[in-house]
Each structure stands twice: as structure tokens, then as C-alpha cells.
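A.B. asks: Per numbering that gives the first Met the number 0, the very first residue in the sequence shown carries number 0; after that it's consecutive. Where a beta carbon is used, it is the ideal one built from N, C-alpha and C, also for glycine. After the C-alpha cells below, expect a handful of questions from me.
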Amino acid sequence: MAMWDRIKDQAKGLQQQAQGARGAGGHGRPGTSSGGHGRSGGGSKAQLVSTLKSQLTSLKTELKSGAYRDASMAMCALVAAADGNVDPAERQHVESLILNNDVLQNFPSEQLRQRFNKHVDQMSFNFQQGKAEALQEIAKAAKKPTEARAVVQTGFVVAGADGYIAPAEEQVLREACSVLGLPTQEFGL
0 MAMWDRIKDQ AKGLQQQAQG ARGAGGHGRP GTSSGGHGRS GGGSKAQLVS TLKSQLTSLK
60 TELKSGAYRD ASMAMCALVA AADGNVDPAE RQHVESLILN NDVLQNFPSE QLRQRFNKHV
120 DQMSFNFQQG KAEALQEIAK AAKKPTEARA VVQTGFVVAG ADGYIAPAEE QVLREACSVL
180 GLPTQEFGL
């Protein structure tokens with residue numbers, strides 16, 4: 000448990016840095032941020048993604064359950080389809096991120112590919128229904144806080160792989176936090 004507390008403290012520190020970069024914790028007081036004009040916290044998001052990635056790796060031995068596998072594949076599908084459509088290149092890109100993810104190598108790649116593509120296909124066919132089903136799958140990980148956080152961290156790492164987290168991706172990450180009962184502030188959302 001001590002390690003998890005340390006990780007949470009690290010994340011909290013990063014999150015406070017991110018809020019500091021945005022200025023006054025997002026309370027709409029322009030001009031209070033120090034430096035970094037016009038960069039909207041891009042650097043701090045990249046830093047957060049990097050920290051979340053190393054936190055996930057440190058938890059690799061704990062993240063072996065089917066619930067984590069299924070919820071994280073639903074999360075990755077949500078990130079891939081966040082804007083309501085999935086082009087084949089984006090699907091392929093996210094799939095390769097999944098198959099090369101250190102933690103997800105706990106699972107056979109075919110299981111991961113099958114679950115990810117099932118959710119993406121459902122969202123391609125009917126976005127709202129597919130999204131609702133993906134969120135239901137994600138919610139199943141809520142029973143174990145370590146796994147629940149890891150699902151959101153996995154989504155964050157995939158969303159931030161290109162160095163930028165789009166507003167639609169942030170939105171689905173917030174929704175995942177909501178169904179998992181996690182505070183969005185923990186992830187700077």
C-alpha cells in the first residue's frame with residue numbers, strides 16, 4: 000500500500016503543477032499563470048502522461064485480471080473513437096499502442112485485439128450505444144481501486160501518445176472517471 004500512496008502523491012503533485020500552469024486551479028482568473036504564455040499546459044500533460052505510464056509499469060504484476068483487460072480495451076476503444084468516428088489509420092495506431100504497451104503484455108495479444116475491435120466496431124455502427132456499452136465494461140473495474148485507476152491511466156497513455164490530448168478524448172476520460180467513481184482532478188481533467 001505504501002507504494003500506491005507514493006504514486007498517488009506523485010500524481011497529485013503533477014496535477015497541482017498542471018493546475019498551476021493553467022492558472023489558479025481553473026477558477027477563471029486570467030493573468031495569474033506564471034510564464035508559459037499560450038501553451039495551455041501542453042508540457043504538463045506530456046509530463047503527466049509520462050508519469051502515468053511509469054506508474055502503470057510499476058503495477059504490472061498486479062494488473063492481470065480479466066476485468067482490467069476488458070475495461071482497459073473498452074477505454075482504448077473510447078479514446079480511439081472519442082470524436083465519434085474512427086478512421087482505419089487511427090484504429091491501427093491505437094491497436095499498435097495496445098500491443099506494445101508493457102503492462103498489457105500480461106495478456107495474449109489476440110484477446111486484446113478482439114476486445115478492442117469489438118468496441119470500436121460497435122461505436123462505428125452506433126456511436127452512442129457502443130459508447131454506453133464501453134462505459135458499462137469500464138464500470139466493472141470499479142470494485143478494485145488500483146485497477147480502476149489503471150484503466151484511466153491506460154486511456155491517458157493511449158490518448159497522449161501523440162503528445163496531445165484532444166478535448167473529445169479528455170471528455171471520454173472524464174466519463175470513465177465518473178463510472179469508476181474516481182475524482183477527475185486526480186488526472187488533471
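Rounded C-beta distance between M74 and V150? I'm assuming under 8 Å.
C.D. replies: 5 Å
A.B. asks: Cutting at 6 Å between CB atoms, please list the residues of its own chain near H118, excluding the five before and the five after it.
C.D. replies: A73, A76, A133
A.B. asks: Short of 8 Å in beta carbon distance, which residues of its chain neighbour Q198, apart from the five on each side in sequence? Order them along the chain.
C.D. replies: Since the displayed the chain opens at 0 and closes at 188, residue 198 lies outside it and no answer follows.
A.B. asks: Using the three-state DSSP reduction, which class does N100 fall into: helix, strand or coil?
C.D. replies: Coil at N100, not helix or strand.
A.B. asks: Which value, in whole angstroms, describes the spacing of the CA atoms of S108 and V102?
C.D. replies: 12 Å
A.B. asks: Determine whether the beta carbon atoms of V93 and V157 lie at a separation below 7 Å.
C.D. replies: Taking 7 Å as the Cβ cut-off, V93 and V157 qualify as a contacting pair.
A.B. asks: Rounded to whole angstroms, what is the Cα-Cα separation between T145 and L98?
C.D. replies: In this structure, the alpha-carbon of T145 lies about 21 Å from that of L98.
A.B. asks: Mind checking which residues open and close the alpha helix (DSSP H) that includes L233?
C.D. replies: No answer is possible for residue 233: it lies beyond the span of the chain, which begins at 0 and ends at 188.
A.B. asks: For a test of the three-state rule: what should DSSP assign to A189, helix, strand or coil?
C.D. replies: Not covered by the structure: residue 189. The range shown for the chain is 0 to 188.
A.B. asks: Buried or exposed: which applies to Y67, given that a residue is buried once 16 or more other Cβ atoms fall within 10 Å of its Cβ?
C.D. replies: buried
A.B. asks: Report, in whole angstroms, the separation of the C-beta atoms of E174 and V78, which I expect to be a contact under 8 Å.
C.D. replies: That pair is no contact at about 11 Å.
A.B. asks: Might you give, ordered along the chain, the residues of its own chain that have their beta carbon closer than 8 Å to the beta carbon of G27, omitting 5 neighbours on each side?
C.D. replies: Annotation note: pLDDT 38 at G27 (below 50); position unreliable, no value reported.
A.B. asks: Helix or strand or just coil, what does DSSP make of K143?
C.D. replies: In the structure shown, K143 sits in coil (DSSP, three-state: anything other than H, G, I, E or B).
A.B. asks: Just verifying my parser: in three-state terms, what is the DSSP assignment at N116?
C.D. replies: The three-state reading of DSSP puts N116 in helix, counting H, G and I together.
A.B. asks: Can you give me the C-alpha to C-alpha distance between P166 and T60, rounded to a whole angstrom?
C.D. replies: 32 Å
A.B. asks: What residue does the alpha helix (DSSP H) around A138 start on, and which one ends it?
C.D. replies: First-last of the alpha helix (DSSP H) with A138: 126–138.
A.B. asks: Closer than 6 Å by C-beta to F106: which residues in its own chain qualify, once you throw out the five before and the five after it? Chain order, please.
C.D. replies: R68
A.B. asks: Pick out whichever of Q104, K63, I164, G187 has its Cα sitting closest to the Cα of A140.
C.D. replies: Looking from the CA of A140, the closest CA among Q104, K63, I164, G187 belongs to K63.
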